[in-house]
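Asks: So the protein sequences, as listed, match chains A and B.
At position 299 of the first sequence (counting the first as 1) the number is 299 in UniProt numbering, and the numbers step up by one without a gap.
At position 59 of the second sequence (counting the first as 1) the number is 59 in UniProt numbering, and the numbers step up by one without a gap.
A virtual CB, placed ideally from N, CA and C, is assigned to each residue, including glycine.
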Amino acid sequence: MDLTYTAEEEEFRAGLREWLAKALPALPPKPSPDDWPGRRAYDLGWQRTLYDAGYAGLHWPLDAGGRGATPVQHLIYLEETEKAGAPYVGANFVGLLHAGPTIAAEGTAGQRARWLPPVLRGEEVWCQGFSEPDAGSDLAALRTRAWRDGDDYVVSGSKIWTSHAEVADWCELLVRTDPAAPKHRGISWLAMPMDAPGITVRPLRTLAGPAEFAEVFLDEVRIPVAHRVGAENDGWRVTMVTLSYERGTAFVGEVVACRRVLGELAHAARGNGRWDDPVLRRWLGRLNAEFRALWRLTQWNVSEAGRTGGVPGVGGSVFKLRYSHARQELYDAAAEVLGPEALDLDREWTRDRLMSLSYTIAAGTSQIQRNIVAERILGLPKGR
Amino acid sequence: MDFQLTEDQRALRDGVRALLAGRFGPEPLRAAVARGGRGLDRALWRELGEAGFFSLRLPEADGGAGLGLPEAVLAFEEAGRVLLPGPLVATHLAAGEVPGAATGETVVTAVYGGLVEWLDESDAVRDGAWGPAAGGAADAVPLTSVDPLTPLHRVPGNLPTGPTGRAGPAGRAGPVGSPAPTGPPRPPDPLVTLLTAAEQLGNAARTCETAVQHARTREQFGQPIGAFQAVKHLCAQMLVRVELARAAVYAAAVTADPMDIAAARLLADDAAVRGARDCLQVHGGMGFTWESDVHLYLKRAWVRTRRGGTVTESEELLAADLLAGAGR
């Protein structure tokens, strides 16, 4: 058990800090949450800045254009960028954290050369076409159908909860290529260009106000067979690779962010007198324990990944279960600090409180995560 | 940074586990319950001493193993797993201070939060460094302990206390009759809090395993109850609490930071108490009987929650830490 960083790791941290101190003041102003083209430009601009400085795709393998950084270096990167208040990964989320790592792990050399560099350079945005209206948590029940027609698949169906669909160039799309097979076996993973004819995107307004995701309708969209990643009907396995990335590493930076917010909450409470309420104070103290422990669990999981060298394991579900709940509680505590102002939608913490409601649903509901933990880690029998 | 157990640490953990499995399995546990918390097993205590359980952190020159807090935490986690009875934390912390503690010849207990464990079976009382009642063990009165494996004495409040009160080896009387202290009570010894949290972690891990094993084998409605989501999800939440507590306790052992220790304590208490309750729930009616071991885990977990200062104090400490700039 060692929590100290090596000289090389500290050197990496220092270099990153120094660079961030220079790069962040040069950023353009943040676009409004409703301005999708503005958000795309802002997020891609930051990605390009990272690329030029050599910080893009830090944790990606070298042969995928990344820097092949160790999990610990990646942890330091996420910690320092968040501490410095650097932009969130934003519209690059799917490309950098889902589709990119999946293509890097499962794609052919040609596919890697085509799709990975534009993600790293901040030139192309990806979105995720997994969930469907009747197949959300039961993801494998998806019905979007793909027929072979010469060198193309012809795809019809619809997707839902597709973040960044309005501004995406590519969609990692799950389709059913063999309806006769058991539901997990007849699925394929395709890269769909979002400008293909037959695609209709309808933004969905979230309870927080702005549209964060969209419904995507597919009417005989033609996608080249060459855009399939992995073997035909092997898409479920490929998808599990993607999801393990999502659950394993996607929330690391957010823990750091939550610890920062918690500190701000305490200072705000002292500023407005709420700090004198011992119940609230002790609640914030307990949240401090919670987020300290979540950070330690992050370090534990990252160290484990460093040892096994593989894809993050199902332990990510353990993390996500506790983190998603803790995040919601953090913003409930923020509302206690704000008092009447907690009902003001112009307050950032009020908007964040609304957004936090998605955390126990997105990327697999807490109920699904508990099934995963119970069946795959604890070995309890499958059932209803 | 490699926040995983080293090979040596794994070997140590496995060694302690094997020792305790051979020496304090389910049958000795039942026998100890039958004795009603009388007669601490002195032979076992000496074996623990010989194995280095108490002298683990003493320098090699003083007859110890020269190991650190992470190793001690691993050993205490194992003790917590099997509900090993006795004032383990106090004796461990007395090694090097009280003659015979390191070798297990002397049983040392301590006053924590107005309570003394195993007073009648102990040779010395160490000042638990907590509360105005510390050191007043001479006037302690017995109470009927909720945990059949932890006899308890209550120390009447407002007693004068000694300075830092190192307990003498001569008997159980700590320094009594010294002038009343001025100022606020001293905070709990962070090492008491940490080693207790390690025991709570072992307690929690064990109840999770026990619940899962029961859920796999117990059949109702024609299938193992673990196939029902209601039961499955209870078990999953137990594991989540264990894993988070484990990360917090191990990290606190590495840093020895008071805030890390306070956080570890809150999470480990939570994992132990709620884990034991959930384990009881999974066992249903059987869990509510004396014959099942589940209640022993819950009762011991309750006893341990009184050791490291109150929960409120830990929460206040962590709240003050937020204003001090941590977490920013």
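Given a cut-off of 7 Å, decide if Leu174 (chain A) and Phe217 (chain A) are closer than it, judged by their beta-carbon atoms.
Replies: Cβ atoms of Phe217 (chain A) and Leu174 (chain A): not closer than 7 Å.
Asks: To the nearest whole angstrom, what separates the beta carbons of Leu296 (chain B) and Leu58 (chain B), a pair I think is in contact under 8 Å?
Replies: Not quite, the Cβ-Cβ distance comes to about 31 Å (not below 8 Å), so this is no contact.
Asks: Would you grab the beta carbon distance between Glu18 (chain A) and Gln73 (chain A) for me? Rounded to a whole angstrom, and I think it's under 8 Å.
Replies: Between Gln73 (chain A) and Glu18 (chain A) the Cβ distance is about 16 Å, and since that is not below 8 Å, they are no contact.
Asks: Could you check how far apart the C-beta atoms of Arg67 (chain A) and Arg121 (chain A) are, in whole angstroms? I think they sit under 8 Å.
Replies: About 14 Å separates the two Cβ atoms, so there is no contact after all.
Asks: Please report the distance separating the alpha-carbon of Arg292 (chain A) from that of Ala141 (chain A).
Replies: Looking at the two C-alpha atoms, the distance is approximately 38 Å.
Asks: Thinking just about the alpha-carbon of each residue, which of A:Tyr5, A:Leu354, A:Ile103 and A:Met240 is nearest to the one in Arg228 (chain A)?
Replies: For Arg228 (chain A), the nearest C-alpha among the options comes from A:Ile103.
Asks: Tell me the rounded alpha-carbon separation between Ala69 (chain A) and Glu166 (chain A).
Replies: Cα to Cα, Ala69 (chain A) sits roughly 32 Å from Glu166 (chain A).
Asks: Tell me Cys171 (chain A)'s beta-bridge partners as DSSP assigns them.
Replies: DSSP output for Cys171 (chain A) lists A:Cys127 and A:Met192 as bridge partner(s).
Asks: Measuring only between beta-carbons, confirm whether Tyr250 (chain B) sits less than 7 Å from chain A.
Replies: Judged by the 7 Å Cβ criterion, Tyr250 (chain B) is in contact with chain A.
Asks: Given a cut-off of 7 Å on the beta-carbon distance, is the pair Val125 (chain A) and Ala91 (chain A) in contact?
Replies: Cβ distance < 7 Å, so Val125 (chain A) and Ala91 (chain A) count as in contact.
Asks: Only counting the same chain, and skipping five residues up and downstream in sequence, which positions put a Cβ closer than 8 Å to that of Arg39 (chain A)?
Replies: Closer than 8 Å at Cβ, skipping near neighbours: Pro31, Pro33, Gly90, Ala91 and Val167.
Asks: Report yes if the C-beta distance between Arg126 (chain B) and Val108 (chain B) is below 7 Å; otherwise report no.
Replies: Yes, these two residues count as a Cβ contact at 7 Å.
Asks: Give me the chain B residues within the contact set of Trp300 (chain A), using Cβ-Cβ distance strictly less than 7 Å, ordered along the chain.
Replies: What Trp300 (chain A) touches in chain B: Phe3 and Ala247.
Asks: Chain A partners of Val89 (chain B), CB-CB under 8 Å?
Replies: None at all; the shortest Cβ gap to chain A is about 20 Å.
Asks: Following the continuous beta strand (DSSP E) through Asp138 (chain A), name the residue where it begins and the one where it ends.
Replies: From DSSP, Asp138 (chain A) is part of no beta strand (DSSP E); its letter is neither H nor E.
Asks: Got a sec? Which residues, its chain only, sit under 7 Å from Ile368 (chain A) by beta carbon, not counting five neighbours each side?
Replies: Answer for Ile368 (chain A): Ser137, listed in chain order.
Asks: Would you check if the distance between the CB atom of Leu3 (chain B) and the CB atom of Met1 (chain A) is smaller than 7 Å?
Replies: Note that residue 3 (chain B) is Phe in the sequence shown, not Leu. It is a contact, given that the beta carbons lie within the stated cut-off.
Asks: DSSP three-state label for His98 (chain A), please.
Replies: If DSSP states are grouped into helix, strand and coil, His98 (chain A) belongs with the helices.
Asks: Does Ala272 (chain B) get closer than 7 Å to chain A when you measure Cβ to Cβ?
Replies: Ala272 (chain B) does not count as touching chain A.
Asks: Using a Cβ-Cβ distance cut-off of 7 Å, determine whether Cys279 (chain B) contacts chain A.
Replies: No, no contact with chain A.
Asks: With distances taken from CA atoms, which of B:Arg30, B:Gly86 and B:Leu234 is nearest Ala374 (chain A)?
Replies: Looking at the Cα atoms, B:Leu234 is the closest of the given residues.
Asks: Taking C-beta pairs closer than 7 Å, name the residues in chain A that Thr255 (chain B) reaches, listed in chain order.
Replies: Simply Leu3.
Asks: Could you tell me if Thr193 (chain B) is buried or exposed, where buried requires 16 or more neighbouring beta carbons within 10 angstroms of its beta carbon?
Replies: By the neighbour-count rule (16 or more Cβ atoms within 10 Å), Thr193 (chain B) is buried.
Asks: Helix, strand or coil for Ala53 (chain A) per DSSP?
Replies: Ala53 (chain A) falls in the helix class under three-state DSSP.
Asks: What residues in the segment 282-298 of chain A have a beta carbon less than 9 Å from any beta carbon of chain B?
Replies: Going along the segment 282-298 of chain A in chain order, one finds Arg282, Trp283, Leu284, Gly285, Arg286, Leu287, Asn288, Ala289, Glu290, Phe291, Arg292, Ala293, Leu294, Trp295, Arg296, Leu297 and Thr298 with a Cβ nearer than 9 Å to chain B.
Asks: Are Leu74 (chain B) and Leu12 (chain B) touching if we call contact CB-CB under 7 Å?
Replies: Contact: yes.
Asks: Could you confirm whether any beta carbon from chain A is found closer than 7 Å to the beta carbon of Val240 (chain B)?
Replies: At least one chain A Cβ lies under 7 Å of Val240 (chain B).
Asks: Of all the CB atoms in chain A, is at least one closer than 7 Å to the CB of Leu67 (chain B)?
Replies: For Leu67 (chain B), the answer is no, since every Cβ of chain A falls outside 7 Å of its Cβ.
Asks: If we count the other Cβ atoms within 10 Å of its Cβ and call it buried at 16 or more, is Leu62 (chain A) buried or exposed?
Replies: Exposed is the call here.
Asks: When every heavy atom of the ligand NAP is checked, does at least one fall within less than 6 Å of the C-beta of Asp43 (chain A)?
Replies: By its list of ligands, the structure shown contains no ligand whatsoever, and the ligand NAP lies outside what it can speak to.
Asks: Identify the contact partners of Arg304 (chain B) in chain A, using a Cβ-Cβ distance below 9 Å as the criterion.
Replies: Correct list: empty, because the minimum Cβ distance to chain A is about 17 Å.
Asks: Any Cβ of chain A within less than 7 Å of the Cβ of Glu77 (chain B)?
Replies: No - not a single Cβ of chain A is within 7 Å of the one on Glu77 (chain B).
Asks: Should Asp346 (chain A) be labelled buried (16 or more other beta-carbon atoms within 10 Å of its own) or exposed?
Replies: Under this definition Asp346 (chain A) is an exposed residue.
Asks: Are there 16 or more other CB atoms within 10 angstroms of the CB of Met192 (chain A), so buried, or fewer, so exposed?
Replies: Classification for Met192 (chain A): buried.
Asks: From Pro182 (chain A) to Val240 (chain B), what does the alpha carbon distance come to, in whole angstroms?
Replies: Looking at the two C-alpha atoms, the distance is approximately 32 Å.
Asks: Quick one: measure Cβ to Cβ for Ala124 (chain B) and Val98 (chain B), integer angstroms, because I've assumed they're closer than 8 Å.
Replies: With a Cβ gap of about 5 Å, Ala124 (chain B) and Val98 (chain B) count as contacting.
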